[in-house]
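Take a look at the structure below.
Protein chains: 2
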Amino acid sequence: MKMKPTIKDVAKLANVSISTVSRVMNAPETVVETKKLRVLDAIERLKYKPNALARGLIYKKTNTLGVVIPDIRNPYYADIIRGMEDASKMLGYNLIICNTDRDRARLFSYLNNFYEKQVDGILYTSDPVYPDYYKALQRLQMPVVLVSTHSMEYRLPSVKINDEQAAYDAVKYLIDSGHTSIGMIGFHLSDSIAGLPRYEGFARALREHDLDDSKDNVVFVNGWSYDTPDAAAQLIARFPSVTAVFTSSDELAIGLIAYLHEQGIRVPEQISVMGFDNIRWGNLSIPKLTTVAQPTYEIGFRSVMKLNAIIKEQDDSELREYLPHTIIERASAKILKSFSSP
Amino acid sequence: MKMKPTIKDVAKLANVSISTVSRVMNAPETVVETKKLRVLDAIERLKYKPNALARGLIYKKTNTLGVVIPDIRNPYYADIIRGMEDASKMLGYNLIICNTDRDRARLFSYLNNFYEKQVDGILYTSDPVYPDYYKALQRLQMPVVLVSTHSMEYRLPSVKINDEQAAYDAVKYLIDSGHTSIGMIGFHLSDSIAGLPRYEGFARALREHDLDDSKDNVVFVNGWSYDTPDAAAQLIARFPSVTAVFTSSDELAIGLIAYLHEQGIRVPEQISVMGFDNIRWGNLSIPKLTTVAQPTYEIGFRSVMKLNAIIKEQDDSELREYLPHTIIERASAKILKSFSSP
DNA sequence: TCCTCTTCTGAAAAGCTTTTCAAATCGTTC
DNA sequence: GAACGATTTGAAAAGCTTTTCAGAAGAGGA
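Taken in sequence, the protein lines are chains A and B.
The first sequence begins at 11 in this note's numbering and counts up by one.
The second sequence begins at 11 in this note's numbering and counts up by one.
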């Protein structure tokens with residue numbers, strides 16, 4: 011394999027100095043027409059493209075962003091990444107994507123890696139920021155945006171939805187539909203993003219409508235795995251009169267529906283199910299999933315825009331941004347009575 | 011924001027030359043103990059990490075691979091990426107991931123980008139290699155592995171399953187289960203990967219078992235969108251006696267099941283459905299999807315291993331590798347009679 | 001003590017580009 | 001034709017690291 015042509019080769023072929031070649035590319039108006047044409051011709055003939063490493067060394071800028079994400083196989087993250095990618099393309103960045111599996115060591119290793127590769131900024135997705143993570147992030151001395159997570163302790167910019175309010179709205183939808191026995195399958199309260207706030211929204215909705223919000227009506231699962239059937243069984247056993255279940259993710263919802271189907275319990279006739287996230291597949295489930303939509307693509311897109319603004323030192327927006335959620339009415343939640351206007 | 015420490019700062023603090031610092035990091039046995047300790051201490055105190063740009067410039071190696079992929083939101087690709095990521099982590103690479111949306115201009119722009127950023131190799135996923143793509147790839151003078159696609163015209167290494175055989179096996183499964191009226195929803199024959207070979211496998215299976223393989227039993231969809239309902243309606247209209255449908259992707263299968271459910275046609279009692287790909291969600295559909303599993307994760311993993319071998323110039327394996335597929339028996343295909351042993 | 005042979009160490013070059021600065025060229029004007 | 005200013009050009013430095021090469025320091029023997 012022969013060597014890639016360098017600016018030197020172009021200079022030689024065009025019979026000018028390398029400075030002139032550089033100028034043709036970066037400030038063409040400063041070089042006289044005849045030489046410019048010679049240089050352009052040489053560039054074309056050699057198919058010369060400048061080496062981004064050398065450039066990065068000078069500009070101290072690589073036009074590359076680092077992304078840490080728990081697992082790209084999760085469609086929720088895949089959507090976010092897509093939004094990031096499109097914004098990056100628009101702004102001229104590339105994305106280095108790393109799966110952490112929520113593993114401390116793996117995360118730290120990737121952060122180091124980002125530092126060495128001189129990425130211009132970091133997108134930290136979806137995990138709570140623990141004190142030692144914060145310290146690691148600090149030490150990097152790099153712009154960071156938290157994506158689909160945030161931190162109240164630390165002054166870190168973030169982009170996400172308002173989870174508490176979204177959960178509240180979801181449960182309110184069920185209440186407005188006439189349900190009074192509402193259960194929940196959610197993530198552990200130690201999860202400060204998808205766990206606690208969604209439970210709090212759930213509980214607040216029940217409380218504000220004078221319904222039973224005892225913890226008996228809630229089952230918490232840890233992690234994001236497929237042990238939904240157990241959780242579902244537990245919930246039904248503890249709360250047999252339940253007519254509607256709010257779940258903290260569409261995966262949980264779909265798992266729940268599958269379980270209920272196996273048990274011969276019809277959805278939504280006997281039990282209504284409300285999901286959370288609005289992943290693509292909710293549209294193909296049977297019945298189609300009623301859910302609260304996170305604007306995943308926009309979260310990704312917006313977080314890159316924000317990170318870019320910070321890098322360019324022109325961030326004018328809120329430190330913590332909240333993007334709007336919406337309820338997607340499909341077929342998995344039954345309406346017992348029409349909504350009462352407030 | 012204060013400047014990142016450089017090797018120079020370390021040298022000054024440890025009161026040695028920069029060469030010595032470099033040696034401590036790259037050949038520690040050649041430097042005398044007392045200085046080594048001083049240097050190590052300085053590195054620790056300054057939290058110094060070498061600049062990968064400068065290193066890349068010297069070694070002509072960035073430990074970065076470029077990935078072009080149609081759309082990361084497609085769970086099939088997401089799985090592949092995950093396999094790539096894990097292999098990359100193991101081998102010390104990072105992945106720059108780019109969505110092409112199967113858009114020529116976007117693809118070319120990213121390839122240029124990879125060239126400028128001096129990636130060590132390219133993973134080209136899932137699209138057929140058209141002549142101009144090949145020319146572009148050639149010009150880059152970079153190692154490439156085709157992932158989940160291949161090329162018979164050009165001498166390019168690739169990793170994928172044997173699509174024709176996999177489709178054959180899937181249809182044979184239906185035949186062995188006792189079905190004789192078998193339809194297909196597939197991708198256009200112009201798609202030389204997911205289209206033509208799977209149709210050929212389908213047709214061969216029917217032919218070899220003396221069943222009707224006229225094209226009336228097949229509906230082709232273009233693209234990967236959600237116009238499955240139309241296709242499903244067409245198939246049923248043209249081929250009302252169908253008892254089993256082979257689809258070229260799980261998305262098509264799930265779309266088909268959703269359509270049949272809406273029409274009041276029971277799966278698998280009235281119509282059996284066989285998917286292709288074994289995406290995660292097939293496990294949660296109702297009924298659970300019978301499908302042929304592509305080893306997506308392994309395809310991703312293996313393609314990075316192969317690319318690495320090529321980069322290191324120690325590739326010993328086949329130019330075109332085919333990984334084994336398997337039939338996943340779940341509930342969407344009905345067994346009319348038990349298998350006859352051949 | 002001097003010489004030779006190792007072992008360590010530092011200066012400098014190389015890798016590729018951009019940018020600064022001074023020199024060279026050009027065109028005007030007197 | 002000379003002088004001036006404006007325009008254009010090339011040499012060299014800078015950005016950060018590794019590596020080569022020659023010189024310095026040390027050890028060992030005579």
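Built from N, CA and C at the ideal position, the CB exists for glycine as well.
Are the C-beta of residue i and some C-beta of chain B separated by less than 8 Å?
{"i": "A:G285", "result": "no"}
{"i": "A:G265", "result": "yes"}
{"i": "A:Y134", "result": "no"}
{"i": "A:K127", "result": "yes"}
{"i": "A:T16", "result": "no"}
{"i": "A:L121", "result": "no"}
{"i": "A:P167", "result": "no"}
{"i": "A:R112", "result": "no"}
{"i": "A:R7", "result": "What is shown of chain A runs 11 to 352, which leaves residue 7 of chain A out entirely."}
Quick one: is residue i buried, meaning 16 or more other Cβ sit within 10 Å of its Cβ, or exposed?
{"i": "A:E261", "result": "buried"}
{"i": "B:P85", "result": "buried"}
{"i": "A:E339", "result": "exposed"}
{"i": "A:A24", "result": "buried"}
{"i": "B:V42", "result": "exposed"}
{"i": "B:Y69", "result": "exposed"}
{"i": "A:R112", "result": "exposed"}
{"i": "A:R312", "result": "buried"}
{"i": "A:Q128", "result": "buried"}
{"i": "B:G265", "result": "buried"}
{"i": "A:K18", "result": "exposed"}
{"i": "A:E323", "result": "exposed"}
{"i": "B:D240", "result": "exposed"}
{"i": "A:S168", "result": "buried"}
{"i": "A:S98", "result": "buried"}
{"i": "A:P334", "result": "exposed"}
{"i": "B:K225", "result": "exposed"}
{"i": "A:N232", "result": "exposed"}
Taking only the alpha-carbon atoms, compute the straight-line gap between residue i and residue j and give it to the nearest angstrom.
{"i": "A:W291", "j": "B:A204", "result": "21 Å"}
{"i": "A:G131", "j": "A:A303", "result": "28 Å"}
{"i": "A:A37", "j": "A:K46", "result": "11 Å"}
{"i": "B:T306", "j": "A:I79", "result": "20 Å"}
{"i": "A:D220", "j": "A:F256", "result": "17 Å"}
{"i": "A:S27", "j": "B:L50", "result": "43 Å"}
{"i": "A:P352", "j": "A:K182", "result": "Caution is warranted here: a pLDDT of 43 is assigned to A:P352, below 50, making its placement in the model unreliable, and no coordinate value can be reported."}
{"i": "B:V139", "j": "B:E279", "result": "41 Å"}
{"i": "A:R48", "j": "B:K145", "result": "25 Å"}
{"i": "A:P136", "j": "A:T159", "result": "Residue identity check: residue 136 of chain A is Ser in the sequence provided, not Pro. Spanning the two alpha carbons is a distance of roughly 5 Å."}
{"i": "B:E163", "j": "B:Y103", "result": "30 Å"}
{"i": "A:Y326", "j": "A:A319", "result": "Correcting the residue identity first, residue 326 of chain A is Asp in this sequence and not Tyr. So the two alpha carbons sit approximately 8 Å from each other."}
{"i": "B:L329", "j": "B:A115", "result": "28 Å"}
{"i": "B:K14", "j": "A:N61", "result": "22 Å"}
{"i": "A:Y332", "j": "A:R149", "result": "27 Å"}
{"i": "B:S259", "j": "B:F286", "result": "4 Å"}
{"i": "A:V155", "j": "B:T336", "result": "42 Å"}
{"i": "A:L121", "j": "B:R55", "result": "19 Å"}
{"i": "B:V157", "j": "A:M152", "result": "34 Å"}
{"i": "A:Y59", "j": "A:T16", "result": "The sequence shown places Lys at residue 59 of chain A, rather than the Tyr named in the question. In a straight line, the C-alpha of A:K59 is about 8 Å away from that of A:T16."}
{"i": "B:T300", "j": "A:A177", "result": "35 Å"}
Check the Cβ-Cβ distances between residue i and every residue of chain A, and say whether any is below 8 Å.
{"i": "B:E95", "result": "yes"}
{"i": "B:N104", "result": "yes"}
{"i": "B:I296", "result": "yes"}
{"i": "B:A88", "result": "yes"}
{"i": "B:N25", "result": "no"}
{"i": "B:I107", "result": "yes"}
{"i": "B:I281", "result": "no"}
{"i": "B:R276", "result": "no"}
Going along the chain, which residues of its own chain have a beta-carbon closer than 8 Å to the beta-carbon of residue i, five neighbours each way excluded?
{"i": "A:K298", "result": "G292, R340, A341, S342"}
{"i": "A:R276", "result": "L270"}
If I measure Cβ to Cβ from residue i and keep anything under 7 Å in the same chain, skipping five residues before and after, which residues do I get?
{"i": "A:I53", "result": "V20"}
{"i": "B:A213", "result": "D223"}
Which residues in the same chain as residue i place their Cβ atom closer than 6 Å to its Cβ, once the five residues preceding and following it in sequence are excluded?
{"i": "B:I399", "result": "Shown here, chain B extends from 11 to 352; a query on residue 399 of chain B therefore has no answer."}
{"i": "A:V314", "result": "M94, A97, S98"}
When you check each C-beta in the segment 45 to 77 of chain A against every C-beta of chain B, which residues fall closer than 8 Å?
K57, K59, P60, N61, A62, L63, A64, G66, L67, T72, T74
Interfacial residues, the segment 129 to 159 of chain A to chain B, with Cβ spacing under 7 Å
R149, Q151
Contact set between the segment 236 to 270 of chain A and chain B, restricted to residues whose Cβ is under 7 Å from the partner:
I264, G265, A268
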